[in-house]
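Heads up: the protein sequence lines correspond to chains A and B, in order.
Residue 562 is where the first sequence starts when you use the working numbering, and the numbers rise one by one after that.
Residue 562 is where the second sequence starts when you use the working numbering, and the numbers rise one by one after that.
Built from N, CA and C at the ideal position, the CB exists for glycine as well.
The structure under discussion appears below in the form of structure tokens.
2 protein chains.
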Amino acid sequence: MLMVSTRNLSCLVKSSKSDSTSDSKSDSTSAAKPAVKPAAKPAASAPRDRYHHGDLRQSLIDAAIALIQDGDLSQVSLREVSRRVGVSHNAPYRHFQDKEALLNAVAAQGFQGLKRVTEAAIAVTPGDAAEQLQAIGKAYIQFAVQNPVYYRVMFSLSDAQQDAALKEAMAQSWGVLFQVILAGQASSVFRAEDPRQMAQVAWAMVHGIALLAIEGQLRVQSGEDFDAFLEFSTRMLSQGLQQQ
Amino acid sequence: MLMVSTRNLSCLVKSSKSDSTSDSKSDSTSAAKPAVKPAAKPAASAPRDRYHHGDLRQSLIDAAIALIQDGDLSQVSLREVSRRVGVSHNAPYRHFQDKEALLNAVAAQGFQGLKRVTEAAIAVTPGDAAEQLQAIGKAYIQFAVQNPVYYRVMFSLSDAQQDAALKEAMAQSWGVLFQVILAGQASSVFRAEDPRQMAQVAWAMVHGIALLAIEGQLRVQSGEDFDAFLEFSTRMLSQGLQQQ
DNA sequence: GTGATATGTTGATGGTGTCAACACGCAATC
DNA sequence: GATTGCGTGTTGACACCATCAACATATCAC
């Protein structure tokens with residue numbers, strides 16, 4: 562099975578037992594930077610000598626991601642995160658208002674990565690808007706498959722739980738898709754219907770596929786199968802939006 | 562439009578503040594059974610006189626749903642559920658192995674409702690497979706919008722968390738869609754590609770839209786707008802699967 | 001150097017899931 | 001009809017959690 566190329570980033574290394582879809586046959590477009598920046602300096606688990614940690618905020622985010630990785634989102638606790646970073650159970654409260662705020666930060670970081678990846682996909686796709694849309698779709702789904710932890714957190718927060726920074730990050734990410742839709746309509750490649758609705762349909766489909774893929778519910782046997790499915794589904798999407 | 566008639570069931574009455582999409586225009590066809598059976602007898606919160614509850618299992622499920630309704634999935638606790646039913650904090654353990662098992666039961670009940678609704682949609686749609694697929698898509702999304710609590714629980718459990726009964730209920734529900742795809746291919750209405758992949762794409766799209774709708778992220782202003790979007794998106798889906 | 005302030009710690013409180021031991025009442029057996 | 005077994009519900013305990021308040025330490029502005 563294949564691994565769609567972008568490396569597993571931000572120290573997400575241990576593969577979970579049930580990843581039926583991800584795999585690692587190379588794919589040429591993978592030269593792009595990692596989707597999400599790993600923490601710069603400190604190994605999250607290194608015991609510190611100084612009283613102050615130095616970069617606790619990012620370390621907490623990284624530790625939370627690592628925690629979710631080998632387990633479940635539900636078993637993330639501030640205390641366990643603190644333990645992993647080697648800090649007292651109340652230290653996180655100097656950087657996050659509460660547990661939800663930490664998850665918001667993880668999610669926001671994820672959306673920034675998603676934006677980066679989709680923008681990169683557009684940049685290397687010189688064709689018309691239809692081709693660019695397809696490229697975005699592929700990049701989007703690949704991002705989810707390669708960063709399942711991020712992706713899960715990104716969509717685990719209900720509207721009421723999302724803070725302003727997260728909403729902004731989401732809006733930025735959404736903007737990438739929306740601009741392509743608008744461009745496609747301007748050049749008469751896409752139908753002239755409400756661009757917002759068109760974008761919503763597009764987003765809904767890739768989002769649904771991303772979720773299925775992460776959950777291992779796409780019964781693709783090999784990496785090639787996954788690539789083929791990616792091609793198939795995104796082509797269908799792109800065609801659906803085009804003028805008939 | 563056809564409004565598959567599921568009424569808001571199982572005592573999900575209080576509308577949450579952010580339901581921008583659900584519309585309650587009455588619909589005449591609503592004679593059909595509710596999508597999910599409400600608990601038969603006892604008002605969940607009625608203080609009981611007898612030592613034994615009578616139908617504690619279903620009451621717990623109902624209470625869990627009610628709890629999620631006015632709040633968040635994350636704040637469901639067995640203890641609070643027990644409190645609402647008027648029973649000790651350990652009573653649930655006579656009916657569910659743990660908290661996850663209770664959520665599994667809720668989810669399974671939801672999938673049974675979803676199956677019923679989609680089957681009903683097919684039954685009242687005499688057209689070809691393409692029209693039936695569109696009907697299923699509408700019914701699916703409407704189910705989600707009208708039963709957001711069920712829907713959220715249905716997809717909140719990771720593969721590893723799902724028990725056998727839930728997986729069976731999911732498979733049954735999936736089967737409805739799959740059969741329509743197969744029929745459409747047999748009658749040369751749909752493309753001759755892998756039916757599983759076709760079904761996955763279809764499911765992914767309606768699933769994505771359902772999620773967006775539930776989260777209130779579809780910026781439709783009125784019920785008519787929502788109906789129009791439903792029509793638009795499902796038509797796109799159906800057309801995408803058809804022979805070119 | 002001296003505060004002021006940001007950052008980290010300790011301790012306490014009330015909530016949670018779950019286990020073990022116990023209590024009740026229905027139903028089948030004698 | 002009394003006895004006994006077992007399903008169902010209760011009480012109590014434990015470990016864990018989120019969060020608040022009070023305190024300690026390091027860093028920075030002056």
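Answer with buried or exposed for residue i, where buried requires no fewer than 16 other C-beta atoms within 10 angstroms of its C-beta.
i	result
B:ALA732	exposed
B:GLN636	exposed
A:ALA666	buried
B:ALA760	buried
B:GLN782	exposed
B:GLY688	exposed
A:HIS768	buried
B:ARG677	buried
A:ALA607	Caution applies to A:ALA607, whose pLDDT of 46 falls short of 50 and renders its modelled position unreliable; the model cannot decide the point.
B:GLN670	buried
B:SER749	exposed
B:ASP659	exposed
A:GLU776	buried
What does the alpha-carbon distance come out to for the pair residue i and residue j?
i	j	result
B:ASP755	B:ASP631	42 Å
B:ARG752	B:ILE622	42 Å
A:ALA696	B:SER638	43 Å
B:ILE770	B:GLN805	24 Å
B:PHE704	B:LEU675	7 Å
A:HIS614	A:HIS650	14 Å
A:VAL685	B:GLU680	45 Å
A:ARG796	B:GLN693	23 Å
B:SER794	B:GLY647	45 Å
B:SER719	A:PHE716	14 Å
A:ASN708	B:ASP786	35 Å
B:GLN758	A:ALA652	48 Å
B:GLY801	A:GLN800	7 Å
A:GLY736	A:PHE672	12 Å
A:ALA700	B:ARG645	46 Å
B:GLY784	B:ALA725	38 Å
A:TYR711	A:GLN746	32 Å
A:TYR654	B:LEU738	48 Å
A:LEU663	A:HIS656	8 Å
Compute the beta-carbon to beta-carbon distance between residue i and residue j, rounded to the nearest angstrom, for a pair I have assumed lies under 8 Å.
i	j	result
A:ALA690	A:ALA744	5 Å
B:LEU634	B:VAL714	7 Å
A:ALA791	A:ILE702	Just to set this straight, residue 791 of chain A is Leu in the shown sequence, not Ala. Between A:ILE702 and A:LEU791 the Cβ distance is about 6 Å, and since that is below 8 Å, they are a contact.
A:LEU773	B:ALA765	6 Å
A:GLU661	A:GLN619	Actually they do not touch by this definition, with Cβ atoms about 18 Å apart.
I want to see whether chain B comes within less than 7 Å of residue i, judged by CB atoms only; does it?
i	result
A:LEU765	Before going on, a small fix: residue 765 of chain A reads as Ala here, not Leu. Taking Cβ atoms only, chain B reaches closer than 7 Å to A:ALA765, which makes this a yes.
A:GLN658	no
A:MET797	yes
A:PRO603	Confidence is the limiting factor: at A:PRO603 the pLDDT is only 40, short of 50, which leaves the residue's position unreliable, though a coordinate-based value still follows. No, A:PRO603 does not count as interfacial toward chain B.
A:GLN758	yes
A:GLY777	yes
A:PHE751	no
A:PHE790	yes
A:GLY632	no
Is there a Cβ of chain A sitting closer than 7 Å to that of residue i, yes or no?
i	result
B:ASP720	yes
B:HIS768	yes
B:MET715	no
B:SER794	yes
B:VAL762	yes
B:GLN782	no
B:LEU773	yes
B:GLY745	no
B:GLY801	yes
In chain order, which continuous runs of the alpha helix (DSSP H) of length 4 or greater are located wholly inside the segment 656-703 of chain A? Scanning the segment 656-703 of chain A from its first residue to its last, the whole alpha helix (DSSP H) runs of 4-plus residues come out as 660-684.
Just list the alpha helix (DSSP H) runs in the segment 744-786 of chain B, keeping only unbroken ones of 4 residues or longer that don't cross its boundaries, in chain order. 756-775
Beta strand (DSSP E) segments (min. 3 residues) lying fully within the segment 612-654 of chain A: If we require 3 residues or more, the segment 612-654 of chain A turns out to have no beta strand (DSSP E) run fully inside it.
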